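Undergrad: So the mapping is simple: our numbering equals the position in the sequence shown, first residue as 1, plus 111.
This structure is in C-alpha cells; I'll ask about it shortly.
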Amino acid sequence: MARIALPHDARAGPTKPEVRSVTLGKLELTDADHFVEVGSCTGAVTIEAARAAGRVTAIERKPERLETTRKNLAANGIEGVELIEGEAPDALPDDADALFLGGSRNYAGVLDHAAETGIDRVVMNVSRLEVAGDAVRAFRERELFEEIVQMQVSTGYELAGATSFDSDNPVYVISGGAA
112 MARIALPHDA RAGPTKPEVR SVTLGKLELT DADHFVEVGS CTGAVTIEAA
162 RAAGRVTAIE RKPERLETTR KNLAANGIEG VELIEGEAPD ALPDDADALF
212 LGGSRNYAGV LDHAAETGID RVVMNVSRLE VAGDAVRAFR ERELFEEIVQ
262 MQVSTGYELA GATSFDSDNP VYVISGGAA
C-alpha cells in the first residue's frame, strides 16, 4: 500500500496501515465499485478506497470529523469523494457495492440496510471483544457473515542498539456480504 498523509487529527483513529491493508483486501475494490465508509473520521480508509474504487462516499455524523476527512483527502490529492454529514443508516445510499464500518455505532441498522440493498462486500472493524461477538451474531442473523479475523500488530523500535516491539490493541475484522 502506498503511504498516505494524515496531517489532520480527529481524536479517533486512524485505522492503522496494517489493519487498512487487511480491510481493503477483504473489500476487493475495483474501479467499477461504489464504496461507502460509515464513520470516516480521519479519512484514512476513504483515502485508500478512493485509489481503487470508481466511486466513493464517506459518511460522518460529526461535522468536525467530516472536516478532518475533507482536509486529509485534500492533503493526499484525492478528489471526487462524496462527503455526507449524517447518521447511518439513514444517510446510506442504496447503490453501494462495498461498505466499511469503522465503528460500532448503529451497526445493526447499517447491516439491515446492507442485507436489504444487497451489498455484496461488508467489512466491520471492532476493537472490543464483546462488541465483536455481538457483531458476528448480527452478521449471521442477516446472512452476511463470512469470517472474522483477529489482528494484533507490533511495531519495531530501537532499544539499546537492538530492536524491541510495541504492540497495538487487537482489532477484529468481520467480513461478509449479501452475495
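Just so you know, even glycine gets a beta-carbon here, dropped at the ideal spot from N, CA and C.
These figures come from a predicted structure and were not determined experimentally.
Does the distance from the C-beta atom of Leu240 to that of Ala289 stay below 8 angstroms?
TA: Taking the sequence shown and counting its residues from 1, one reaches residue 240 at position 129. Taking the sequence shown and counting its residues from 1, one reaches residue 289 at position 178. Contact flag unset, no.
Undergrad: For a minimum of 3 consecutive residues, which ranges assigned as the beta strand (DSSP E) are wholly contained in the region 207-261?
TA: 209-212 and 232-237, all fully within the region 207-261.
Undergrad: From the DSSP output, read off the bridge partner residues of Asp277.
TA: In the sequence shown, residue 277 corresponds to position 166, counting from 1. Thr266, per the DSSP bridge assignment.
Undergrad: Helix, strand or coil for Gly287, going by three-state DSSP, please let me know.
TA: For the purposes of this step, residue 287 is taken as residue 176 along the sequence shown, with counting starting at 1. If DSSP states are grouped into helix, strand and coil, Gly287 belongs with the strands.
Undergrad: Using CA coordinates, which residue listed in Val133, Gly154, Gln263 and Thr126 is at the minimum distance from Asp277?
TA: Taking the first residue of the sequence shown as 1, we reach residue 277 at position 166. Looking at the Cα atoms, Gln263 is the closest of the given residues.
Undergrad: Using 8 angstroms as the threshold, is the C-beta distance between Val156 and Gly213 below it?
TA: Position 45 of the sequence shown, counted from the first residue, corresponds to residue 156. Position 102 of the sequence shown, counted from the first residue, corresponds to residue 213. Yes; because the gap between Cβ atoms is below 8 angstroms, this pair is in contact.
Undergrad: Determine the direct distance from the alpha carbon of Pro128 to that of Val233, and round the result to whole angstroms.
TA: Looking up residue 233 in the sequence shown gives position 122. Looking up residue 128 in the sequence shown gives position 17. Their backbone Cα atoms lie some 19 angstroms apart in a straight line.
Undergrad: Just to check my reading of the structure: Ser286 and Lys137 have Cβ atoms closer than 8 angstroms, yes? What is that Cβ distance to the nearest angstrom?
TA: Working through the sequence shown from its first residue, we reach residue 286 at position 175. Working through the sequence shown from its first residue, we reach residue 137 at position 26. Ser286 to Lys137, Cβ: 4 angstroms. Contact.
Undergrad: Pick helix, strand or coil for Ala169, following the three-state DSSP scheme.
TA: Stepping through the sequence shown from its first residue, residue 169 is reached at position 58. Three-state result, Ala169: strand.
Undergrad: With Val133 as the anchor, note down where its alpha helix (DSSP H) starts and where it stops.
TA: On the sequence shown, residue 133 is found 22 positions in, with the first residue counted as 1. Element bounds for Val133: Pro128 to Leu138.
Undergrad: From the DSSP output, read off the bridge partner residues of Leu194.
TA: As a working mapping, residue 194 is identified with position 83 in the sequence shown. Per DSSP, Ala169.
Undergrad: Cα separation between Pro200 and Asp245?
TA: Stepping through the sequence shown from its first residue, residue 200 is reached at position 89. Stepping through the sequence shown from its first residue, residue 245 is reached at position 134. Each residue's alpha carbon lies about 18 angstroms from the other.
Undergrad: Can the beta-carbon of Ile170 be found closer than 8 angstroms to that of Leu203?
TA: Taking the sequence shown and counting its residues from 1, the one referred to as residue 170 is at position 59. Taking the sequence shown and counting its residues from 1, the one referred to as residue 203 is at position 92. Yes, Cβ-Cβ distance for Ile170 and Leu203 is below 8 angstroms.
Undergrad: Which whole-angstrom value is the C-beta distance of Val221 and Val149, which I expect to be below 8 angstroms?
TA: Here residue 221 is taken as the residue at index 110 of the sequence shown, counted from 1. Here residue 149 is taken as the residue at index 38 of the sequence shown, counted from 1. Contact holds; Cβ gap of about 6 angstroms.
Undergrad: How big is the Cα-Cα spacing for Ala207 and Ala164?
TA: Counted from its first residue, the sequence shown places residue 207 at position 96. Counted from its first residue, the sequence shown places residue 164 at position 53. Looking at the two C-alpha atoms, the distance is approximately 11 angstroms.
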